[in-house]
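Residue numbers (this note's numbering), protein chains in the order written: chain A, 1 to 123; chain B, 124 to 534.
All C-beta atoms, glycine included, are put in the ideal place defined by N, C-alpha and C.
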C-alpha cells in the first residue's frame, strides 16, 4: 500500500530556528530519504511558502473561465508544507518511517493513498 | 526545548505586538504583555503541547497579563484615558485577518515616524517588531550597545508622544502607509547589504530581518504586486551574499562573481514571487528593480546577460523615479550595449549631481581603464578613496589603481 506522509506546520518557523536545530530537522529528512531510496521509488516535495501561491477558483457561472486570485490571506495556523509518498508493507512500517522526520515544529499525517500515477504508481 | 518555542514566538511576534498595541494603545505595555505570555507558554506548552493556533493563545494570555499588570501600575490612569475609560474586548476566536493586517501595518508605520532619522526608524522596527535585542541591533549598526540603547529609548519617547489613529485606515491612507513601510524595509536591507562604513561590507542580520518583514507584508497583502516584488528583489540580492566578498575580504563586482555561489533556492523563490507580482502589475519601482535583478540572476555569465532588456527596465524605472543614480545605472547598461566611450560621454551630465557618490567615480574609473586612459582612471579611483569607502571597497579600488599604475609604467 502506498502511504503519503504529509507535513503541516507554520511557514517561517523553521527559518527562525537556530542553525543547529535546523540541521537537526534536516538530518531527519536526510535519514528518511536515504532509507526510502534503499527501498525503491518514492516521491517527495517541499513546497514554497503559502504566500507564493496563486488560487484558481471555480468559475462563477457556466461558460466563464475559472477565476485566478492572488491567494488567500496566509493563515497564521498550520499550512501544508510538503510530503513524502512511498510503498510500505503496512501502516506500522509507514509510521516508523514518519517518526524519522518528527520534530516539535511540524505535525505529520500518515494517510493511505487511494490512487497514484506518474513517478510512482499504485497500479 | 525552548529553542523550538522561541522560533514560534519570533514568528508570532509582529502580529502579536501589533494587535496588543491596538488593545492597550501603548507599545511598552504590549511588549511586556507579550513577554509575559511567552514566559507562560514555556511552561504550559511544554506540559500540554503547543496549541493548534499559537497566536490566538499568546494573544489571549498576553491580554490578560497586560490587564493584570496595568491594574497594579501607575500608568493605568494615563493609558486608560486613551480608551475613553474601557479596554476593547478581544476574543481569541475572533482574530480578523483584515484587522490584523492593519494592526501590523500601523505598528510598522509608527516606527516610521517622520521626525526620526531613517536609521533610528530601522532600529526601532528591529527592536519592537522583529524583537531583536539591543546588542544585536547595535552590532548591526556597528555602534556600542549603550549608545544604541539610548537611541532606541529616545526614539520610543518620540513615538509615544505622537498619536497615531487607531481607526481602520481608508484605502488611500493604507496605501500611503504601505509605501512608507516598504521603503523602510528596503532601506533596512540596503543598510545591511552595504554597511555604510566600517570594516564589514555586509551585515546579514539586517538583511535577513528585512526579508522576514517583506515576507510578512506579502502574507498580509497578497494582492499587492509591489510587496511581492520587494520580497523578490531582496531575495535576488541576498542570493549573491556568498559571491560578493572574496576570501581576502575584497568586494567582488557582479561581473567577477562566481555565479555557482549564488543561492539557487533564493533565486527560485524570488522568481516565483516576481511572476506573481507581474500578474498583478508591471509598472512599479520594486517590480522593475526585481525584474532587473532577475535578468542578472538567470544569466549564466556577464556576456550572456540580456543588457538590452536591462537597459529598457532602467529606462522605465527612470520614468517613475527620475534620479541621477537610476540614470547612472541605465548608463552602465548602455556601456555594455554601446561601449565605454558612449557611457563616459553620457555620464558627464551627472558629474555634478553625483560628485559625492562613490559608485559614480568607481564606474568612471573602470570605463576609463577600458578606453586606456589610465591617468584619468587613477584620478577617478582616488576620488572614490576620498569618499570614505568601506574596507572591502578600499581593497578592490586599490587593486584597480595598481593595475592602471602598472599600465602607465609600461608605456
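Start and end of the alpha helix (DSSP H) containing residue i?
i	result
residue 125 of chain B	125-147
residue 69 of chain A	Element bounds for residue 69 of chain A: not the alpha helix (DSSP H) but the beta strand (DSSP E), 67-69.
residue 192 of chain B	177-195
residue 448 of chain B	447-461
residue 316 of chain B	294-316
residue 537 of chain B	The structure shown does not extend to residue 537 of chain B, since chain B spans only 124 to 534, so no value can be given for it.
residue 96 of chain A	91-99
residue 348 of chain B	348-361
residue 492 of chain B	481-494
residue 161 of chain B	150-171
residue 20 of chain A	19-39
residue 115 of chain A	Unbroken run through residue 115 of chain A: none, as it is neither H nor E.
residue 259 of chain B	257-263
residue 225 of chain B	220-234
residue 432 of chain B	430-443
residue 389 of chain B	387-403
Tell me, to the nearest whole angstrom, how far the beta carbon of residue i is from that of residue j; I am working on the premise that it is less than 8 Å.
i	j	result
residue 143 of chain B	residue 175 of chain B	That belief does not hold up - the Cβ atoms of residue 143 of chain B and residue 175 of chain B are roughly 21 Å apart, past 8 Å.
residue 101 of chain A	residue 9 of chain A	At roughly 11 Å, the Cβ-Cβ gap does not stay under 8 Å, so residue 101 of chain A and residue 9 of chain A are not in contact.
residue 97 of chain A	residue 35 of chain A	6 Å
residue 57 of chain A	residue 65 of chain A	Incorrect: roughly 11 Å between the Cβ atoms, too far for contact.
residue 403 of chain B	residue 348 of chain B	3 Å
residue 141 of chain B	residue 230 of chain B	4 Å
residue 391 of chain B	residue 355 of chain B	Between residue 355 of chain B and residue 391 of chain B the Cβ distance is about 11 Å, and since that is not below 8 Å, they are no contact.
residue 329 of chain B	residue 312 of chain B	7 Å
residue 520 of chain B	residue 466 of chain B	That pair is no contact at about 19 Å.
residue 13 of chain A	residue 130 of chain B	5 Å
What residue range is occupied by the uninterrupted beta strand (DSSP E) comprising residue i?
i	result
residue 86 of chain A	79-87
residue 57 of chain A	55-57
residue 111 of chain A	106-112
residue 5 of chain A	2-9
residue 44 of chain A	42-46
How would you list, in chain order, the residues of chain A whose beta-carbon sits under 7 Å from the beta-carbon of residue i?
i	result
residue 408 of chain B	Here the premise fails: no neighbours, minimum Cβ distance about 20 Å.
residue 396 of chain B	52
residue 373 of chain B	Those do not exist, as residue 373 of chain B stays about 26 Å from chain A at its closest Cβ, beyond 7 Å.
residue 499 of chain B	What residue 499 of chain B touches in chain A: nothing, since even the nearest Cβ is about 48 Å away.
On the criterion of 16 or more Cβ atoms from any shown chain inside 10 Å, does residue i qualify as buried, or is it exposed?
i	result
residue 127 of chain B	buried
residue 68 of chain A	exposed
residue 90 of chain A	exposed
residue 60 of chain A	exposed
residue 166 of chain B	exposed
residue 421 of chain B	exposed
residue 479 of chain B	exposed
residue 452 of chain B	buried
residue 55 of chain A	exposed
residue 326 of chain B	buried
residue 46 of chain A	exposed
residue 363 of chain B	buried
residue 444 of chain B	exposed
residue 41 of chain A	exposed
residue 417 of chain B	buried
residue 522 of chain B	exposed
residue 80 of chain A	exposed
residue 194 of chain B	exposed
residue 30 of chain A	exposed
residue 305 of chain B	buried
Mind pulling the chain A residues with CB within less than 9 Å of residue i?
i	result
residue 304 of chain B	Neighbours of residue 304 of chain B on chain A: none; closest Cβ ~17 Å, over 9 Å.
residue 392 of chain B	48, 49, 52
Run through chain B and tell me which residues come within less than 8 Å of residue i, C-beta to C-beta.
i	result
residue 10 of chain A	131, 134, 177
residue 105 of chain A	127, 130, 131
residue 17 of chain A	126, 127, 130
Which residues of chain B have a Cβ atom closer than 9 Å to the Cβ of residue i, listed in chain order?
i	result
residue 77 of chain A	175, 176, 177, 178, 179
Residues of chain B with CB under 7 Å from residue i, in chain order?
i	result
residue 71 of chain A	345
residue 113 of chain A	Correct list: empty, because the minimum Cβ distance to chain B is about 25 Å.
residue 66 of chain A	Ordered by position in chain B, no residue passes the 7 Å Cβ test against residue 66 of chain A, which lies about 14 Å from the chain.
Does the beta-carbon of residue i, which I'm using as the reference point, lie nearer than 7 Å to any heavy atom of the ligand COA?
i	result
residue 37 of chain A	Of ligands this structure carries none, so the ligand COA is not represented either.
Note down, in chain order, every chain A residue with its Cβ under 8 Å from the Cβ of residue i.
i	result
residue 403 of chain B	70
residue 338 of chain B	12, 49, 51
Three-pair Cβ contact test at 8 Å for the stretch 236-253 of chain B versus the stretch 266-275 of chain B: yes
Residues of the stretch 29-61 of chain A with Cβ closer than 9 Å to any Cβ of chain C, in chain order: The displayed structure is made up of protein chains A and B, and chain C is not among them.
Any 3 or more C-beta pairs closer than 8 Å across the stretch 489-498 of chain B and the stretch 525-533 of chain B: yes
The stretch 376-393 of chain B touching the stretch 429-442 of chain B, judged by at least three CB pairs closer than 8 Å: no
Meets three-Cβ-pair contact criterion under 8 Å: the stretch 423-432 of chain B and the stretch 362-375 of chain B: Not touching, per the Cβ criterion.
Touch test, the stretch 340-354 of chain B against the stretch 396-404 of chain B, Cβ-Cβ under 8 Å, three pairs minimum: yes
At least three beta-carbon pairs within less than 8 Å, the stretch 144-155 of chain B to the stretch 113-122 of chain A: no
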